[in-house]
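The working numbering numbers the first residue of the sequence shown as 102 and each following residue consecutively.
C-beta: ideal position from N, C-alpha, C; glycine also.
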Amino acid sequence: MNYTLKGRLQTTICDTHEKAMADTKIRLYRIQESKNAVTAFTAAQSKELIQVFDAKEIKTREKQLLAETKTDANGNYEFNINSNTLAYDGGTVAIVLYYDEIPEYGQKGTSLPKRFTPFEVLLDVIQPKWRETNEGLIAGWNYSLLNRVWCYILSRLDIWVICGSLVNCKTRSPLGGIEVIAMDDDIISDDFLGSAVTNNNGEFCIYYRSIDFKKTFLSPWINVETTPVFSFDNGPDIYFKFAANGIEFFAENASEAQKPSRKNIGNCLCVDLCLDEDPNRVSRDPITGFYQIGYARKYHPIFNIDAFSGKTKDMLKPNGDPHPEFNDQAFYSNLDLRGSLTKKLNGQPLQYKFEYVKVVSPSVDLSSIPNANWKPVTENNMTANEIATRVTQIFPEWKYTSYVIKGTTGPTVFGAVKKVDMTPNHWIDVPQDSGVSFNDSLIKLVSSSLSSGIVDMSGLIPGNSSGMVLQKNEYFALRMWKREQGNAASETLAGSSRPLAIFNTTYKDVPQGGAWDPFGKSSELGIAALDLQELVDGGSCAKITNSLTANYTASNPNLGSVKLEMFGPGGPHNFESLIETSSGEEFNGQAKYTGADNSIDPNDVSNLPNCAFEVRLTAALNLTNGEHQHHLIRDRVLYCKLPNS
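1. If we count the other Cβ atoms within 10 Å of its Cβ and call it buried at 16 or more, is M667 buried or exposed?
2. According to DSSP, is T186 helix, strand or coil?
3. Among the residues of its own chain, which have a CB less than 6 angstroms from the CB of A174, if the five just before and after it don't count?
4. I think T413 touches Q393, with their Cβ atoms under 8 angstroms apart; what is that distance to the nearest whole Å?
5. Are the CB atoms of I307 and A297 nearer to each other than 8 angstroms?
6. Under the assumption that S550 contacts N482 (Cβ atoms under 8 angstroms), give the Cβ distance between them as a whole number of angstroms.
7. Measure the C-alpha to C-alpha separation of D736 and Q613 and round it to an integer number of angstroms.
8. If you draw a straight line from the alpha carbon of P419 to that of L626, how long is it in whole angstroms?
9. What three-state label does DSSP hand P673 in the structure shown?
10. Along the chain, where does the beta strand (DSSP E) that runs through E349 open and close?
11. Let's see if you can read the secondary structure: which residues bound the alpha helix (DSSP H) around L636?
12. Does the segment 362 to 379 come within contact of the segment 559 to 578, defined as at least 3 CB pairs closer than 8 angstroms?
13. What residue ranges within the segment 399 to 475 form continuous beta strand (DSSP E) runs of no fewer than 3 residues, ordered along the chain?
14. Distance check for N605 and N699, CA to CA, integer angstroms please.
15. From the DSSP output, in three-state form, read off P591 for me.
16. Have a look at the DSSP bridge pairing and note the partners of A713.
17. Of the choices Y501, Y433, G191, whose alpha-carbon is the least far from that of G554?
18. Please list the terminal residues of the continuous alpha helix (DSSP H) segment that includes I159.
19. Which residues in the same chain as G411 place their Cβ atom closer than 6 angstroms to its Cβ, once the five residues preceding and following it in sequence are excluded?
20. Quick check on the DSSP output: what are the complete beta strand (DSSP E) runs of length 3 or more inside the segment 486 to 531, in order along the chain?
21. For R310, which of F350, I263, R162 has the nearest alpha-carbon?
22. Just checking my contact of F180 with E221 at CB under 8 angstroms: how many whole Å lie between their CB atoms?
23. Is the CB-CB distance between L649 and V738 below 8 angstroms?
24. In angstroms, rounded to a whole number, what distance separates the CA positions of S598 and G727?
25. Which residue comes first and which comes last in the beta strand (DSSP E) that contains V663?
26. With a cut-off of 8 angstroms on the beta carbons, I'd call I701 and A720 a contact; round off their distance for me.
27. For the beta strand (DSSP E) that D259 lies in, which residues bound it at each end?
28. Would you call I403 buried or exposed, if buried means 16 or more other Cβ atoms sit within 10 Å of its Cβ?
29. For Q165, collect the residues of the same chain with a Cβ closer than 6 angstroms to its Cβ; drop the 5 residues on either side in sequence, then sort them by chain order.
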């Protein structure tokens, strides 16, 4: 018998803030019948107590361990127990959190603190309420950890957290989309602890480690908290700054950090913040940021991306009219990620970089994804791209220097190319030469370096299914960072995208030309394959006299319109309606020729003039690179209509 226990774990922070317990190991122990074993687990079951087991106690229960799993980004978990191998009969179990490493909860690092040893935290002892299904017995159990217990766990992991809400001081309405920056007031230099962007309810949580506020001029060799008034205090003294669109527009006075509620805080701090100033009233000077995909179509990476499909939506023409042909497109090939650049940030030379993360669904909440899951966009993920120019000569002809990512520095007929430098950590150095003019192109992302594949279709028979279930879109979110050159403390988000649907799978050796051309092949991002049943039955030169049957297959997870047409004298030429076997993904089957009047009559073919004809299958792929849509793919078969004699 198979037993499946699944559910969701979350924590309660500051009474109202709920957060999924992501990336956390959970263990399931069987409860033995002996009184002593039960007592060992249940002695502290009151919600007013907390029971923690250290390494020595964990060792004593190894034989009682049934299963171990880890929560996903949304706090979901699932245990699968085979009773035949584990001798489990569905009885009482203990559920514990197990920490032998530092999970990624949003802090900057996962290094083990000094003197760390593995430990477990007992959540509950339960008798699962099993229900029978075709796959075995299933039960559910959800749990929300008390704030006090959660803070204790974080303290053992050397993880510190600040959670709170940000509202308008006068109206008390929540302020969403504001970056809250936590600072530690120190006598030597103030430490940047971390930042978070408020959600629609104005809520935020900032995670950090003790190393973030114990930096000194001797770090990393000597780390100690240095408070403005020397004391034995060892917690940070907190004040906040606020930014919108990457621009800091307000900062608390550092003296706020000396108030009792902000001074020498513990590892969990709850705050209620408010702002009088309109966060949208920021400088109208150019701001470095990412806000567009493609030059020709100009997709906004959030507003023009559907949250349920990852495809494009709601495109408008310059006059405000709908642009429906730009909608419902997945992305492919090289993508021009665009926005604006400035030479400086806070008066210092500016650097920027992009990151990406793969998600299982376009509707995933990106705020739940650990920072460690994001990967840098490297030079291998880019193609050569000009980001700026500088005019060097006007008379007798214009000449200029072109600043190119992945370029090669040297003279050219138009002036010169200057390579844009990138650091080993994939930061791009913004050109600092006087007279530089930026062209709004930030990088050209080779999306096939994130998602691609090759599927061998040499065995496909037109008319049959392609096996499309094996090929689907993949989803990637993008974000851009900017900073003062070399200054990690100044790193600021400068734009992001919703998860984008991306498809770059090549269908290799798709049969083309049917029996008429048995050696024809194509390799495209979609399938369009055609044959005539009469040529299949009688050979490539078989006579076609009084019947014509097209076998067709068209596939792609972003399939647009599919047409079957015939070209030659007479007409108009029509076929039976094509069958969409998988909505938006595949057409396949047979369609008989129905003549000019769409009636299925054998005499329709016999009435055709004796001549050469072409039957053509075309399929549109709803794929865009931000500039245009993918070209139509097609297949065709030629035949000669002969007299029936």
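Reading off the structure:
1. In the sequence shown, residue 667 corresponds to position 566, counting from 1. So M667 counts as buried.
2. Against the sequence shown, residue 186 aligns to sequence position 85. In the structure shown, T186 sits in a helix (DSSP, three-state: H, G or I).
3. Locating residue 174 in the sequence shown gives position 73, counting from the first residue. A123, S469, I470, listed in sequence order.
4. Start at 1 with the first residue of the sequence shown, and residue 413 comes out as number 312. Start at 1 with the first residue of the sequence shown, and residue 393 comes out as number 292. Actually they do not touch by this definition, with Cβ atoms about 12 angstroms apart.
5. Numbered from its first residue, the sequence shown carries residue 307 at position 206. Numbered from its first residue, the sequence shown carries residue 297 at position 196. In contact: I307 and A297 (Cβ atoms closer than 8 angstroms).
6. By one-based count along the sequence shown, residue 550 stands at place 449. By one-based count along the sequence shown, residue 482 stands at place 381. Between N482 and S550 the Cβ distance is about 5 angstroms, and since that is below 8 angstroms, they are a contact.
7. Along the sequence shown, read from residue 1 onward, the residue named residue 736 stands at position 635. Along the sequence shown, read from residue 1 onward, the residue named residue 613 stands at position 512. Computed Cα separation, rounded: 6 angstroms.
8. Locating residue 419 in the sequence shown gives position 318, where the first residue counts as 1. Locating residue 626 in the sequence shown gives position 525, where the first residue counts as 1. Rounded to the nearest angstrom, the two C-alpha atoms are 31 angstroms apart.
9. Within the sequence shown, residue 673 is the residue found at index 572, counting from 1. The answer is coil: DSSP assigns P673 none of H, G, I, E or B.
10. Taking the first residue of the sequence shown as 1, we reach residue 349 at position 248. From DSSP, the beta strand (DSSP E) with E349 extends over 348 to 352.
11. What you label residue 636 is simply residue 535 of the sequence shown in a count that begins at 1. Per DSSP, L636 belongs to the alpha helix (DSSP H) from 634 to 639.
12. no
13. 435 to 441, 449 to 460
14. Taking the first residue of the sequence shown as 1, we reach residue 699 at position 598. Taking the first residue of the sequence shown as 1, we reach residue 605 at position 504. Distance between the alpha carbons of N699 and N605 is about 38 angstroms.
15. For the purposes of this step, residue 591 is identified with residue 490 of the sequence shown, where counting begins at 1. The sequence shown places Ser at residue 591, rather than the Pro named in the question. Here S591 sits in helix by DSSP.
16. What you label residue 713 is simply residue 612 of the sequence shown in a count that begins at 1. Paired residues: C741.
17. For this step, residue 554 is matched to residue 453 along the sequence shown. Ranking the options by Cα distance to G554, first place goes to Y433.
18. As a first step, residue 159 is located in the sequence shown; it is residue number 58 there, counting from the start. Per DSSP, I159 belongs to the alpha helix (DSSP H) from 156 to 161.
19. By 1-based counting over the sequence shown, the position of residue 411 is 310. So the list reads P463, Y576, P600, L601, A602, once near-sequence residues are dropped.
20. 486 to 494, 500 to 506, 511 to 513, 516 to 521
21. By 1-based counting over the sequence shown, the position of residue 310 is 209. Ranking F350, I263, R162 by Cα distance to R310 puts I263 first.
22. Against the sequence shown, residue 180 aligns to sequence position 79. Against the sequence shown, residue 221 aligns to sequence position 120. 16 angstroms between Cβ atoms; not a contact.
23. Numbered from its first residue, the sequence shown carries residue 649 at position 548. Numbered from its first residue, the sequence shown carries residue 738 at position 637. No. Outside cutoff.
24. Translated into positions along the sequence shown, residue 598 becomes position 497. Translated into positions along the sequence shown, residue 727 becomes position 626. Approximately 14 angstroms between the Cα atoms of the pair.
25. Counting from one through the sequence shown, the residue named residue 663 turns up at place 562. V663 -> beta strand (DSSP E) spans 660 to 668.
26. For the purposes of this step, residue 701 is taken as residue 600 along the sequence shown, with counting starting at 1. For the purposes of this step, residue 720 is taken as residue 619 along the sequence shown, with counting starting at 1. Between A720 and I701 the Cβ distance is about 24 angstroms, and since that is not below 8 angstroms, they are no contact.
27. On the sequence shown, residue 259 is found 158 positions in, with the first residue counted as 1. Premise fails: D259 is in no beta strand (DSSP E) and is neither H nor E.
28. The residue given as residue 403 occupies position 302 in the sequence shown. I403 comes out exposed.
29. Along the sequence shown, one-based indexing puts residue 165 at 64. Cβ within range, chain order: Y130, R131.
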